[in-house]
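Asker:
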Amino acid sequence: MVVSTSSFVLCPGPAEHPARMGLLALALLLAVRLLSTQASPSPRSFQVDYERNCFLKDGVPFRYISGSIHYARVPRPAWRDRLLKMHMSGLSTVQVYVPWNYHEMLPGVYDFTGNRDLEAFLDLTAELGLLVILRPGPYICAEWEMGGLPAWLLWKPDIILRSSDPAYLAAVDSWLHVLLPKIKPHLYQHGGNIISVQVENEYGSYYACDYGYLRHLLGSFRALLGSEVLLFTTDSTRAEELRCGTLQGLYATIDFGPGSNVTELFDAQRRVEPKGPLVNSEYYTGWLDYWGEAHASTSAAWVAQGLEDILQLGASVNMYMFHGGTNFAYWSGADYKDQYKPVTTSYDYDAPLSEAGDPTEKLFAIRMVISKFQPLPVGPMPPATPKYAYGWVALRKYADLLDVLDVLCPSGPIQSQFPLTFEAIKQAHGFVLYRTQLPRDIPDPATLSAPPHSICDRGYVMLHKEYQGMLERDGQMTLRVTGKAGDTLDMLLENMGRISFGANVSDFKGLLGNVSLDSIPLNNWLIYPLAIDTAGQPSTPGPLRPLALPGTPS
Numbered sequence: 001m002v003v004s005t006s007s008f009v010l011c012p013g014p015a016e017h018p019a020r021m022g023l024l025a026l027a028l029l030l031a032v033r034l035l036s037t038q039a040s041p042s043p044r045s046f047q048v049d050y051e052r053n054c055f056l057k058d059g060v061p062f063r064y065i066s067g068s069i070h071y072a073r074v075p076r077p078a079w080r081d082r083l084l085k086m087h088m089s090g091l092s093t094v095q096v097y098v099p100w101n102y103h104e105m106l107p108g109v110y111d112f113t114g115n116r117d118l119e120a121f122l123d124l125t126a127e128l129g130l131l132v133i134l135r136p137g138p139y140i141c142a143e144w145e146m147g148g149l150p151a152w153l154l155w156k157p158d159i160i161l162r163s164s165d166p167a168y169l170a171a172v173d174s175w176l177h178v179l180l181p182k183i184k185p186h187l188y189q190h191g192g193n194i195i196s197v198q199v200e201n202e203y204g205s206y207y208a209c210d211y212g213y214l215r216h217l218l219g220s221f222r223a224l225l226g227s228e229v230l231l232f233t234t235d236s237t238r239a240e241e242l243r244c245g246t247l248q249g250l251y252a253t254i255d256f257g258p259g260s261n262v263t264e265l266f267d268a269q270r271r272v273e274p275k276g277p278l279v280n281s282e283y284y285t286g287w288l289d290y291w292g293e294a295h296a297s298t299s300a301a302w303v304a305q306g307l308e309d310i311l312q313l314g315a316s317v318n319m320y321m322f323h324g325g326t327n328f329a330y331w332s333g334a335d336y337k338d339q340y341k342p343v344t345t346s347y348d349y350d351a352p353l354s355e356a357g358d359p360t361e362k363l364f365a366i367r368m369v370i371s372k373f374q375p376l377p378v379g380p381m382p383p384a385t386p387k388y389a390y391g392w393v394a395l396r397k398y399a400d401l402l403d404v405l406d407v408l409c410p411s412g413p414i415q416s417q418f419p420l421t422f423e424a425i426k427q428a429h430g431f432v433l434y435r436t437q438l439p440r441d442i443p444d445p446a447t448l449s450a451p452p453h454s455i456c457d458r459g460y461v462m463l464h465k466e467y468q469g470m471l472e473r474d475g476q477m478t479l480r481v482t483g484k485a486g487d488t489l490d491m492l493l494e495n496m497g498r499i500s501f502g503a504n505v506s507d508f509k510g511l512l513g514n515v516s517l518d519s520i521p522l523n524n525w526l527i528y529p530l531a532i533d534t535a536g537q538p539s540t541p542g543p544l545r546p547l548a549l550p551g552t553p554s
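Using UniProt numbering, the letters of the sequence shown correspond one by one to residues 1 to 554.
1. When we look at the beta-carbon of D348 and count the other beta-carbons within 10 Å, is it buried (16 or more) or exposed?
2. Output yes or no for whether 7 Å exceeds the beta carbon distance between F508 and E423.
3. Taking the DSSP output, what are the residues bridged to Q437?
4. Keeping to the same chain, check which residues put their C-beta closer than 6 Å to that of M491; ignore five residues upstream and five downstream.
5. Here's a check: name, in chain order, each residue in its chain whose Cβ is nearer than 6 Å to the Cβ of G306, leaving out the five neighbours to either side.
6. Does any residue of chain C bring its CB to less than 7 Å from the CB of Y102?
7. Per DSSP, what kind of secondary structure is P76 in: helix, strand or coil?
8. Do you know how far the Cα of G226 is from the Cα of P185?
9. For a test of the three-state rule: what should DSSP assign to I366, helix, strand or coil?
10. Do you know offhand how far R76's Cα is from N495's?
11. Determine the direct distance from the alpha carbon of L187 to that of V109, and round the result to whole angstroms.
12. Using only the alpha-carbon positions, how far apart do E228 and Q189 sit?
13. By how many angstroms is the C-alpha of M105 removed from the C-alpha of I425?
14. Rank S346, P410 and Q339 by C-alpha distance to the C-alpha of G502 and give the top, closest one.
15. Taking the alpha-carbon of L231 as reference, which of T237, E240 and R215 has the nearest alpha-carbon?
16. Tell me whether G212 is buried or exposed, calling it buried when 16 or more other Cβ atoms sit within 10 Å of its Cβ.
17. Would you call L376 buried or exposed, if buried means 16 or more other Cβ atoms sit within 10 Å of its Cβ?
18. In the DSSP assignment, find the unbroken alpha helix (DSSP H) run with K426 in it and report its ends.
19. Tell me the residue span of the beta strand (DSSP E) that contains W525.
20. Which residue's Cα is closest to the Cα of V199: L363, K182, S411 and G219?
21. For W291, which residues from the same chain have a beta carbon less than 6 Å from its beta carbon, with the 5 sequence-adjacent residues on both sides left out?
22. In chain order, what are the residue ranges of uninterrupted alpha helix (DSSP H) at least 4 long that sit wholly in the region 222-275?
23. Between the beta-carbon of L479 and the beta-carbon of L448, is there less than 7 Å?
24. Could you name the residues of the same chain whose beta carbon sits closer than 7 Å to that of L84, not counting the 5 residues immediately before and after it, in chain order?
25. Going by the DSSP bridge assignment, what does A503 pair with across the sheet?
26. Pull up the distance between the alpha-carbon of L56 and that of G276, whole angstroms please.
27. My parser needs the beta strand (DSSP E) runs of 3 or more residues fully inside the region 49-73; what are they?
28. Consult DSSP for K387 and reduce its assignment to one of helix, strand or coil.
29. Any idea which residues DSSP pairs N318 with across the strands?
30. What did DSSP end up calling R135 once you bin it into helix, strand or coil?
31. Using three-state DSSP, classify Y203 as helix, strand or coil.
32. Could you give the first and the last residue of the continuous beta strand (DSSP E) run that contains I194?
33. What whole-angstrom Cβ distance do E240 and G204 have, given they're in contact under 8 Å?
34. On a Cα-Cα basis, can you pick out the residue from A78, R44 and L154 that is closest to R498?
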């Protein structure tokens with residue numbers, strides 16, 4: 001059933017009409033209200049009004065204007081600044097992802113400290129008067145490493161992610177039993193500021209279309225968060241994705257960017273939710289960047305006009321992103337669109353608040369639109385963040401990587417006849433060195449090769465400590481080499497980020513196939529999982545010292 005959205009407006013308030021009521025009935029009603037008010041305070045609630053097509057907050061019609069920010073992409077000292085600027089932009093609400101792998105990097109080992117202190121972030125949003133829409137996954141996409149799923153799930157190579165696979169559900173259940181009890185006290189119904197919670201994310205785009213999985217998640221969220229919290233889903237406007245991504249008991253919302261007919265796009269939501277508020281949970285203010293491509297940008301005027309069109313329909317909206325931030329360490333994800341496309345360290349997203357936290361032309365255009373629909377907060381917009389001129393930074397060479405393998409891999413190499421993946425040796429991120437020896441003299445150039453798509457994601461090839469070239473996942477897969485029998489062949493494999501969207505989220509890393517020399521597989525490998533992050537720390541055995549450079553004292 002398709003219901004035109006052209007007549008949808010923000011629902012009216014629930015006021016009674018005294019002229020239609022008898023005086024006695026009115027007096028009784030007022031008395032009952034007075035007594036109930038004196039007896040106990042009104043319960044806090046956030047719910048869907050299906051009759052008047054809107055949200056009700058404490059029984060009053062409510063429409064949110066929200067923006068996305070990811071605490072994991074913003075240094076903790078900058079949280080307040082970014083949130084305050086979002087508040088002063090006219091937002092009532094922020095939308096927040098919880099990356100599972102950011103908090104459980106190893107099975108059963110949880111970290112909610114420092115930049116991972118989710119509850120401190122939620123407390124800060126409440127202090128600043130912001131409501132929260134929480135998106136705890138377990139899968140989040142977000143162009144984040146493996147869509148927020150922990151790499152250790154792939155230690156079981158046959159696991160079917162985002163499905164009813166018992167191995168996957170067991171891990172999900174363990175995580176949710178840790179996370180959701182932390183969230184529950186922050187729910188709006190319990191005095192907190194979380195008004196709604198998303199279950200999974202854009203599940204309709206995933207090939208599995210496993211309703212049993214969605215029902216399992218719904219049951220878990222209800223059991224751990226209670227029956228009153230509003231649970232919802234988000235999918236694109238494509239009919240097939242809405243069919244596979246929605247479930248009775250989860251309010252269905254959609255996502256789309258600027259430049260389209262807003263009324264027609266909301267008709268897609270009406271096909272699965274004939275009644276209730278119109279919601280765009282991801283209105284795209286910009287786009288992500290991939291390595292090797294130009295910075296993506298979206299016109300401020302285009303974004304502002306689309307936002308105004310949405311608000312004119314009385315819809316609620318979340319702007320993705322309002323502040324993008326940075327993919328620190330190894331947390332950037334990747335896409336696969338005909339080829340592997342790793343996401344950059346910057347997650348600026350051409351968002352209204354820049355990566356540095358500076359208000360942009362786009363922010364002020366959005367703020368102007370919001371002012372047409374509701375009052376803006378009183379006070380000035382906080383200024384751009386201070387910038388510093390650091391000057392030249394001198395880099396010192398510490399060591400050649402191949403000379404300090406005992407420091408970077410103190411437990412020693414793993415021996416295997418053929419290459420093993422990162423997951424097989426329980427290395428989540430970073431680099432692994434694969435080492436073998438040439439089996440024969442090669443006076444004339446021979447072809448060193450790997451099967452298509454088996455270099456995940458980039459391999460730096462060295463022969464007898466001399467760099468030979470690079471092999472890439474969807475690029476060059478062969479090199480011509482010469483050498484002597486017994487020469488050491490090293491391949492340094494780099495994980496550039498696991499795919500975060502689509503059917504390929506089971507994205508294994510390292511050497512996924514045999515490396516061959518003139519079509520003959522090489523064997524007898526030593527595999528070094530490198531702990532580069534901890535190299536040089538006081539606890540590292542054999543700490544590294546800077547090497548003396550030519551013309552400098554040793």
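In this text, a Cβ means the ideal position worked out from N, Cα and C, and glycines have one as well.
Given the structure is predicted, the values throughout are model-derived calculations rather than measurements.
Answerer: Walking through what the data contain:
1. Counting Cβ neighbours within 10 Å, D348 comes out buried, since at least 16 surround it.
2. Taking a C-beta distance under 7 Å as the contact criterion, F508 and E423 qualify as a contact pair.
3. Among the bridge pairs identified by DSSP, Q437 is matched with T488.
4. Cβ neighbours of M491 beyond the five flanking positions: Y434, G459 and V461.
5. Around G306: P258.
6. The structure shown contains no chain C; it is built from a single protein chain.
7. First, the amino acid is wrong: residue 76 is Arg here, not Pro. DSSP places R76 in helix when its eight states are reduced to three.
8. Between P185 and G226, the C-alpha separation is close to 11 Å.
9. Helix, per DSSP.
10. Cα-Cα distance, rounded: 26 Å.
11. The straight-line gap from Cα to Cα measures roughly 25 Å.
12. Computed Cα separation, rounded: 7 Å.
13. The straight-line gap from Cα to Cα measures roughly 15 Å.
14. The candidate whose alpha carbon is nearest that of G502 is Q339.
15. Among T237, E240 and R215, the Cα nearest to that of L231 is on R215.
16. With fewer than 16 Cβ atoms within 10 Å of its Cβ, G212 is classed as exposed.
17. With fewer than 16 Cβ atoms within 10 Å of its Cβ, L376 is classed as exposed.
18. According to the DSSP assignment, K426 belongs to no alpha helix (DSSP H), since it is labelled neither H nor E.
19. Element bounds for W525: W525 to P529.
20. Residue G219 is the option with its Cα nearest to V199.
21. Around W291: P342 and T344.
22. Here the runs fully enclosed are 239-245 and 262-272.
23. A Cβ-Cβ contact shorter than 7 Å links L479 with L448.
24. Excluding sequence neighbours, L84 sits near L128 and P382.
25. Answer by DSSP bridge pairing: none, since A503 is not bridged.
26. Note on geometry: alpha-carbon atoms of L56 and G276 lie some 10 Å from one another.
27. Whole beta strand (DSSP E) segments, 3+ residues: 54-57, 60-62 and 65-69.
28. K387 falls in the coil class under three-state DSSP.
29. According to DSSP, residue pairing for N318 in a beta bridge involves S66.
30. Looking at R135 - three-state DSSP - the assignment turns out to be strand.
31. It is helical.
32. Note, I194: beta strand (DSSP E), I194 to Q198.
33. Cβ atoms of E240 and G204 come within 8 Å of each other, at about 7 Å.
34. It is L154 whose Cα lies nearest to the Cα of R498.
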